[in-house]
Amino acid sequence: MTMFDIRMPEIERHAAIGIDRRTFLRQSAARVAALGLGGAAWEFARPETAAAQEPGERPKRAEGVTVLNPRGRVPLSFIIDDSTCLVNLNRFAMPQFAVATGNRRVYNDAWRNWPAEIPDDFVRKFGNWCGEHGVKGKYSIVPYPACVGRLDRELPGWTDAEVKASIELVRTLMMPNWDIHPEMVTHTWAIDTKTGHPFPEKSTKFAENWEWSAGKSADELTNYFTYALNILKNVGLPCEGVTTPGGFGNRSLVALSKATLASCRDVFKAEIPHYFRHLYDDGEQSVAPRVEYAEGLDGDDPRCAVSIIGCTGDWTGGWDCSNRGYVDRFITPDLRRGRMVDVIERGEPACIVCHWTGIYFNGEEVGFKVFQEAVRRLHQRYDHLAWMKLSEISRYWAAKELTAIVERESAVGFRAPFACPAFTVKVAAAKLAAKADAGPRLVDGDKMTRLKEVDKLLALESGTFVRQGEAIVCCFDLVKGESQVTW
0 MTMFDIRMPE IERHAAIGID RRTFLRQSAA RVAALGLGGA AWEFARPETA AAQEPGERPK
60 RAEGVTVLNP RGRVPLSFII DDSTCLVNLN RFAMPQFAVA TGNRRVYNDA WRNWPAEIPD
120 DFVRKFGNWC GEHGVKGKYS IVPYPACVGR LDRELPGWTD AEVKASIELV RTLMMPNWDI
180 HPEMVTHTWA IDTKTGHPFP EKSTKFAENW EWSAGKSADE LTNYFTYALN ILKNVGLPCE
240 GVTTPGGFGN RSLVALSKAT LASCRDVFKA EIPHYFRHLY DDGEQSVAPR VEYAEGLDGD
300 DPRCAVSIIG CTGDWTGGWD CSNRGYVDRF ITPDLRRGRM VDVIERGEPA CIVCHWTGIY
360 FNGEEVGFKV FQEAVRRLHQ RYDHLAWMKL SEISRYWAAK ELTAIVERES AVGFRAPFAC
420 PAFTVKVAAA KLAAKADAGP RLVDGDKMTR LKEVDKLLAL ESGTFVRQGE AIVCCFDLVK
480 GESQVTW
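For the record, in the sequence shown the residue sitting at position 176 is 175 according to numbering that gives the first Met the number 0, with numbers rising by one throughout.
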């Protein structure tokens, strides 16, 4: 479908799965207005809404020191939405979406032919392949998927043993390389947290993907997030962040960020909570993480929330298995073009976005094959990529933006509210570099460690440095509190 072939079902489909995760309306504002879909529909799509939150405190920084990407590499991550244990979420969500929207024709009867389950054998196959290729990211576990059943109580259609085995597979196979997020409670009907049941009214006003979150306060959303997080806590799946389903949070962005911070800290004691809400799949809009509501940086209880920004559309089959994938949109066969190339060349974290339903694609594994080819092409073209979990990217960006850096006579001092592995800085001041013949040393209290010199940027690991003309790039594990690199 071209941008000039706009049909109502296509617009409705984008509304259901989160308009700002598709730049469809953002790219076609005039056409949307012509169709009479302005107002609330366009409100979802404005790029500036993603920056509605406040950054909070920021420390002073020495001009001669620049924080680079970890080990001088470009972070990559794979964001998987709509996943959970066993339940093929959108097979059950589709008819609920139809009811919520008055049986709009975009929600057809195709779901009747879909399997009820995405089996653990496929999770195992997928997780093992990703582990072999170094892929990391975020894997949603919807706690009460499409109201089928709660993972910590009963999942009708599956035995207790099957549910426990599926949760254990996520814990042992996925969690080492993947952050686990609740994608709210059900991904369909909003739950009354006082009763544990969906609200009786069946409309978009009480659907998580649509209007339920609109205008909610931070306290109200904190209560809702806490409900979802506690279900995952009950089954032993810790979380440092949350994912929003569909359009959830688009009209309560400030509350969304604050609720993420409060709920993840409360339920899981997460030090740096993060959330996935936004993406930009083309253009020059930055997709670097946004560190929000930072405060208490000089005290014992620093805090912030990090907004992770996706950089692609779902080009792996879609939430509704509506296409066979578009691998060339990630990176073309000649390895020269594509959205991933654009973002990687800018040096910003490149987070691919998909839906689990399309990865499995009713057993055909269409999305999985598309992703495998995209990974093959990316690794063929680039040798400076680093796959990271969203929590790892969030920690690095929080340290990057919130660590105070001061330049001294023969040292660079750091005051960090958060520890961070492989913290990488470029010291451009010639006066310091000239004194570095013996190599820089990392000083942490009474502990002093000499950094080892390597011959190129790609060889950087924690505890090493490389010379770049008059500058020096140092990579080390940043400790919380005071430390310095001295010459």
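Ideal Cβ positions, reconstructed from N, Cα and C, are used throughout, including at glycine.
For Asn127 and Leu172, the gap between their C-alpha atoms comes out near 8 Å. Between Leu296 and Glu56, the C-beta gap is smaller than 8 Å, which places the two residues in contact.
Here DSSP, grouped into helix, strand and coil, assigns Gln467 to strand.
With a cutoff of 8 Å on beta-carbon distance, Arg70 and Glu460 are scored as near each other. If the five residues before and after Arg276 are omitted, its C-beta is found closer than 7 Å to the C-beta atoms of Thr243, Gly248, Leu255 and Ser306, all from its own chain and listed in chain order. For Val426, the closest C-alpha among the options Val141, Cys146, Gly468 and Pro175 is that of Gly468. Close CB contacts of Val162 within its chain, under the 6 Å cut and outside five residues either way in sequence, are with Leu154 (chain order). Its Cα nearest to that of Glu363, the residue Phe121 stands out among Tyr138, Asp281, Phe464 and Phe121. Look at Glu372 here: in three-state DSSP terms it is helix. In summary, Ser212 is buried, with 16 or more beta-carbon neighbours lying within 10 Å of its beta-carbon over all protein chains present. DSSP places Val405 inside the beta strand (DSSP E), whose first and last residues are Ala403 to Glu406. Counting of Cβ neighbours within 10 angstroms places Glu200 among the exposed residues, the total staying below 16. The region 108-125 makes no contact with the region 189-204: fewer than 3 CB pairs, one atom from each, lie closer than 8 Å. Proximity of the region 252-266 to the region 228-237 meets the contact definition, three or more beta-carbon pairs being nearer than 8 Å. For Gly357, the enclosing alpha helix (DSSP H) has its first and last residue at Trp355 to Tyr359. Counting along the chain, Asp443 sits inside the beta strand (DSSP E) bounded by residues Arg440 to Asp443. Collapsing the DSSP output to three states places Met173 in a helix. By the neighbour-count criterion, in which 16 or more other beta carbons inside 10 Å mark a residue as buried, Gln379 falls on the exposed side. Close CB contacts of Arg323 within its chain, under the 6 Å cut and outside five residues either way in sequence, are with Val365 (chain order).
Secondary structure note for Ile230: its alpha helix (DSSP H) is the uninterrupted segment Ala217 to Asn233. Between Asp108 and Cys353 a beta carbon distance of about 24 Å is seen, past the 8 Å cut, so the two are scored as non-contacting.
In this structure His132 is exposed. Its beta-carbon is surrounded by fewer than 16 other beta-carbon atoms within 10 angstroms. The Cβ-Cβ distance between Val184 and Pro237 does not fall below 8 Å.
When Ile140, Gly462 and Pro301 are compared, the shortest CA-CA separation from Met174 is found for Ile140. Gly316 and Asp327 do not touch by the CB rule: their CB atoms are close to 15 Å apart, not below 8 Å. Rounded to the nearest angstrom, the gap between the Cα atoms of Ile166 and Cys146 is 18 Å.
Taking every protein chain shown into account, the CB of Met387 has 16 or more other CB atoms within 10 angstroms, so this residue is buried. Counting the other CB atoms within 10 Å of its CB gives Thr448 a total below 16, which places it among the exposed residues. Per DSSP, Cys419 lies in no alpha helix (DSSP H) segment; the continuous beta strand (DSSP E) that holds it begins and ends at Cys419 to Val426. Cβ neighbours of Val86 within its own chain (closer than 6 Å, five residues either side excluded): Pro144 and Val147. The C-beta of Gly214 has fewer than 16 other C-beta atoms within 10 Å across all chains shown, which makes the residue exposed. Across the set Arg111, Gln483, Ala458 and Val73, the C-alpha of Gln483 shows the shortest separation from the C-alpha of Val442. Here the C-alpha atom of Ala293 lies approximately 7 Å from the C-alpha atom of Pro301. The beta-carbon separation of Ser82 and Lys135, rounded to 15 Å, does not stay under the 8 Å limit for a contact.
Counting only runs of at least 4 residues, the region 100-135 fully encloses the following alpha helix (DSSP H) elements, listed from N- to C-terminal order: 119-131.
Going by beta carbons, Arg440 and Thr485 fall inside the 8 Å limit.
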